[in-house]
Each structure stands twice: as C-alpha cells, then as structure tokens.
Amino acid sequence: MRRRLAIASALAAGLAAGAAQAGMWLSSPDLATDGTLTQTQAWDRDGCGGRNLSPALRWGGEAPTTKSFALIIMDADVKKGFRHWMVFNIPAGVHSLAAGAGTADGKALPKGAVQALNDFGPKGYGGPCPPPGQTHRYVFTLYALNKDTLDLNPDQPAGALESLVLTHALDKGRLLAKSPRFEAAPEKTAEKAKPADEKPPPKAEPAKSEAKPAPGKTAEPAPGDTPK
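In terms of mature numbering (1 follows the signal peptide of the UniProt record, and there is no 0), the sequence shown is residues -22 to -1, 1 to 206.
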C-alpha cells in the first residue's frame, strides 16, 4: 500500500513538473547567445547610439481560454521600474512580433494591437539606455488575458495600464535580457582640406624708396634726361 502511494506521489510530482515546463514561453532570435541585446535594439537618443528597433519575439504555451495578449518590457535595475514598451490587444491567434514592430506609428503590429506611452515619453518601443559604464537587466513579460480587448486610453499613465493587464491575466511568459550602454559616436568636425593644386599667394615686394641727395649736393640728371 505504501509503495502504491509512493508511486502515485511520484507520478503526481512528475505531472506537475511537466505541466510547469509546458507553461507559457517567450523567446527572441535577436538576442546574443548570452541574452544580451544588441546595438540595433538600443535607444537612439540621450547619448545612446542604437537604432531603436524592437527585437523579434515568439511565444506559445498559453491557456486555451486566452483571448488576447499584452506585452510589457521593464528595466529591472531601476527602483521604480522603467517601461520600455507596452503593447495591448494582441489577438489570441498571433504568436510573434516582427523585428522593428515597435515604431511609433504601429504599422507593423498585428491588426487591433495598441501601443501605450513608454517611460521615455513617446508611444512605441524605447530601447535600452543605461547610465554610462553600466549594464542593466530587462524583463520581457507576455501576458495571456481573458479579455479580447482592454478598454483603455493609451495615453494613460503606464502604471494604471499595467494594473488593468494584471486584473485580466491568466498566465504569463518571461524572457530575461541584458544590455550595456552603447554610446553615440561623437560628432566629427569636418576639416577644410586645401586643394592639392592651390598655390600660396605671392609675397608682397617691399616698396622702393627714392634716393635723396645728400645735403648741399644737387642730383645730377641722368643721361637723356636733360631738362628743357
């Protein structure tokens, strides 16, 4: 009897572990092998020299009752949190976002998806830009929601929108990444190069001074210069 109970407990534990492994997942082909974001994904202002293109994302393993998805990217090394991208109302049938989908106009997003303001200020994706000399960690969280469309104002404060997402979340998948600061290249002042065939200006010759006769002497006229 005890043996049967032990076997049953082991099977239950195995099933639980399998269920945990079969949960939601989120991945990106654009991260380096060590999970580092590249300069392509970094912020392109405030002294950072990236291209500000959002990474491609793929996901799956959501519950069958999922009706939509929401994505939030946070800087884990800022005390109050810093939101780099917030996307809502991603249809349940969508399981990927293309690289560069986070432009402000949202044209590359799935139909119906809505972007909110990031903590830099504008709508859309805002890439990593940690302080000089620092590397920060970034948490990508994809939420499976029990509602097709969230009634929200994308211009609302990010915290209020995040609370609304958590209210309707069924499950979530996470992706951890990191990024150093990619400094913007300093502006180079163009030097004015002189043409190869340019010659220096001629030197000015000193003015010739007329000789004055010594005191008491009259200058003799030059030959052929006899006064008339």
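Quick reminder that beta carbons are idealized off the backbone N, C-alpha and C, glycines included.
If you draw a straight line from the Cα of Gly99 to the Cα of Thr113, it comes to about 22 Å. DSSP lists no beta-bridge partner residue for Met2.
Taking Phe66 as the centre and dropping the five residues before and after it, the same chain places the C-beta of Ala48, Val92, Leu128 closer than 6 Å to its C-beta, in chain order. Between the alpha carbons of Pro88 and Glu161 lies a gap of roughly 32 Å.
For secondary structure counted as the beta strand (DSSP E) over 3 or more consecutive residues, the segment 81 to 134 holds these complete runs in sequence order: 113 to 123. No Cβ-Cβ contact shorter than 8 Å links Ala122 with Gly102.
His62 sits away from Arg36, with the two beta carbons spaced by 8 Å or more. Using a 10 angstroms sphere on the CB of Pro7, the tally of other CB atoms stays under 16, which defines it as exposed. Apart from the 5 residues on each side of it in sequence, Gly78 sits with its Cβ closer than 7 Å to the Cβ of Leu31, Ser32, Ala86 in its chain, given in chain order. Counting along the chain, Val143 sits inside the alpha helix (DSSP H) bounded by residues 136 to 145. Per DSSP, reduced to three states, the secondary structure at Thr14 is strand. The beta carbon of Arg115 sits closer than 8 Å to the beta carbons of Asp53, Ala54, Asp55, Leu154, Ala155, Lys156 from its chain, once the five residues preceding and following it are set aside; these are given in chain order. Gly104 is a Cβ neighbour of Trp21, given a cutoff of 8 Å. For Thr18 and Lys45, the gap between their C-alpha atoms comes out near 32 Å.
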